[in-house]
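> Every letter in the sequence shown is one number past the one before it in my numbering, and letter 109, counting from 1, is 109. Glycine included, every Cβ here is placed at the ideal spot set by N, Cα and C. All values derive from a computational prediction rather than experimental measurement.
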Amino acid sequence: MPDDSWAVETRLVHDGRPAPTPGAPLNQPVELASTYYAGGETEYARDGTRGMWALEEAVGPLEGGGAVAFASGMAAANAILDLLPAGATVVAARFTYTGVAARLRELDAVGRIRLRTVDIADTDAIVKAVPGADVVWVESPTNPVLEIADIRAIAAAAHSVGALVVCDNTFATPLGQQPLELGADVVLHSATKAIGGHSDCLLGIVVTVDPGRLDALRLRRTLLGATPGALECYLVLRGLRTLALRHQRSQASALEIANKLVGHPAVDRVRYPGLADDPGHDLASAQMTGPGSLISIEVRGGADAAQAAAERTRLWVHATSLGGVESLLERRRRWALENPLVPESLLRLSVGIEDPADLWADLDRALRG
Ligand SMILES: Cc1ncc(COP(=O)(O)O)c(C=O)c1O
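#1: Which class does residue 304 belong to by DSSP, given the choice of helix, strand or coil?
#2: Quick check: does the Cβ of residue 186 come within less than 7 Å of any heavy atom belonging to ligand 1?
#3: Between residue 306 and the rest of its own chain, which residues show a CB-CB distance below 8 Å, the 5 nearest in sequence each way excluded?
#4: Closest by CA to residue 223, which one among 369, 78, 270, 24?
#5: Near residue 129, which residues of its chain fall below 7 Å by C-beta distance, leaving aside the five closest residues on each side in sequence?
#6: Sorry if obvious, but does the Cβ on residue 350 come closer than 7 Å to a heavy atom of ligand 1?
#7: I'd like the list of long-range same chain contacts for residue 99, defined as Cβ closer than 7 Å, with 5 residues on each side in sequence excluded.
#8: Using three-state DSSP, classify residue 190 as helix, strand or coil.
#9: Tell me whether the region 150-165 and the region 262-272 touch, counting them as touching only if at least three CB pairs, one residue from each stretch, are closer than 8 Å.
#10: Whose C-alpha, out of 334, 221, 313, is nearest the C-alpha of residue 49?
#11: In whole angstroms, give me the CA-to-CA distance for residue 134 and residue 164.
#12: Nearer than 7 Å: is that true of the beta carbon of residue 170 relative to any heavy atom of ligand 1?
#13: When the distance is taken between beta carbons, is residue 39 closer than 8 Å to residue 233?
#14: With DSSP as the reference, label residue 362 as helix, strand or coil.
#15: What is the rounded straight-line gap between the Cα of residue 271 and the Cα of residue 356?
#16: Any contact of the region 210-219 with the region 236-252, i.e. 3+ C-beta pairs under 8 Å?
#17: Assuming residue 71 contacts residue 226 under a Cβ cut-off of 8 Å, what Cβ separation, rounded to an integer in Å, is found between them?
#18: Is the distance from the Cβ of residue 255 to the Cβ of residue 229 below 8 Å?
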């Protein structure tokens with residue numbers, strides 16, 4: 001049985017398996033059933049399934065809390081927001097992930113919440129914005145401009161006024177950053193990304209310590225119908241087994257590629273917290289175990305040049321999303337909902353596990369045109 005003293009890399013491989021009784025399968029089987037014979041541990045799949053609990057058992061300890069799995073990252077975000085009292089004040093970063101930002105604006109527009117947006121890298125501005133807040137919604141690094149929030153300082157300011165701190169840890173992954181340890185109350189993951197790691201399913205995860213909040217989130221999941229499917233839970237748990245290897249490899253390649261992009265004739269700016277002159281570098285070095293596997297670049301020549309470069313790659317996949325084994329890139333402003341503050345020429349690069357020399361050769365060629 002898993003042992004609390006094991007390193008995280010070991011636990012990733014062994015947590016969430018069935019009890020080791022003779023003849024039992026090593027992996028939690030995919031059970032395709034919406035309903036169950038009455039009287040057992042589960043009766044109806046929307047309330048929970050053995051495959052979902054196995055995944056939660058493996059993810060919770062990674063972030064230092066209990067995990068609640070959802071049908072997608074957005075389903076998880078909406079469940080958290082659904083717990084807020086009517087008229088709650090939410091302080092959120094101006095560069096919060098597009099989908100969450102759009103949802104926050106919708107809820108604000110109908111009076112369900114009051115939204116205050118801040119520069120998440122400007123801790124003083126956040127301290128000024130928190131009085132009267134119910135929730136501070138933090139993302140770090142932010143999608144897609146890779147700003148770094150001082151999670152510890154923000155949590156202290158939020159807690160001084162009784163506000164809850166939610167941290168979207170999708171970009172960092174549980175191996176890159178531990179928001180609960182830094183003072184956040186609730187951690188959100190789009191496990192669709194690095195945790196699942198293979199771009200083959202959608203899934204969301206919330207981690208928190210408070211048992212009452214865990215129960216409330218589970219009830220939200222049931223009532224909102226946001227339960228993840230059996231196959232999705234299986235795939236994400238299988239992906240989790242290799243998270244440490246994938247994370248190390250992608251991050252090392254990202255650092256190598258980011259350094260090569262600096263000074264590239266087709267690139268005006270490289271945003272990557274692993275670069276010494278990046279505005280988030282010092283903070284990222286202090287609160288993260290590494291700078292992660294996402295890089296954003298501004299391509300010289302504007303939107304058309306950036307779009308053309310994205311369409312010229314042969315190895316890098318021109319597609320949205322991130323955190324998979326395959327390297328992906330896209331121009332974020334091609335999306336109508338993307339924040340207009342994101343530069344038109346910005347390409348977001350998600351570095352996968354391919355050979356970094358192959359990745360560089362393809363990217364360099366695509367950028368040169
Ligand atoms: C930072 C971040 N949070 C949340 C989400 C939403 O997750 P999902 O697509 O699984 O609903 C995304 C998706 O891109 C994301 O990048």
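Taking the structure as given:
#1: Note: residue 304 maps to helix in three-state DSSP.
#2: no
#3: 298, 299, 331, 344, 345, 346, 347
#4: Taking only the C-alpha atoms, the option nearest residue 223 is 78.
#5: 91, 116, 118
#6: no
#7: 74
#8: strand
#9: Judged by Cβ distances under 8 Å, the region 150-165 makes no contact with the region 262-272, as fewer than three pairs qualify.
#10: Nearest C-alpha to residue 49: 221.
#11: Going from the Cα of residue 134 to the Cα of residue 164 covers about 6 Å.
#12: Between ligand 1 and residue 170, a heavy atom-to-CB distance of less than 7 Å is present.
#13: Taking 8 Å as the Cβ cut-off, residue 233 and residue 39 do not qualify as a contacting pair.
#14: In this structure, residue 362 counts as helix in the three-state DSSP scheme.
#15: 18 Å
#16: no
#17: 5 Å
#18: It is not a contact, given that the beta carbons lie outside the stated cut-off.
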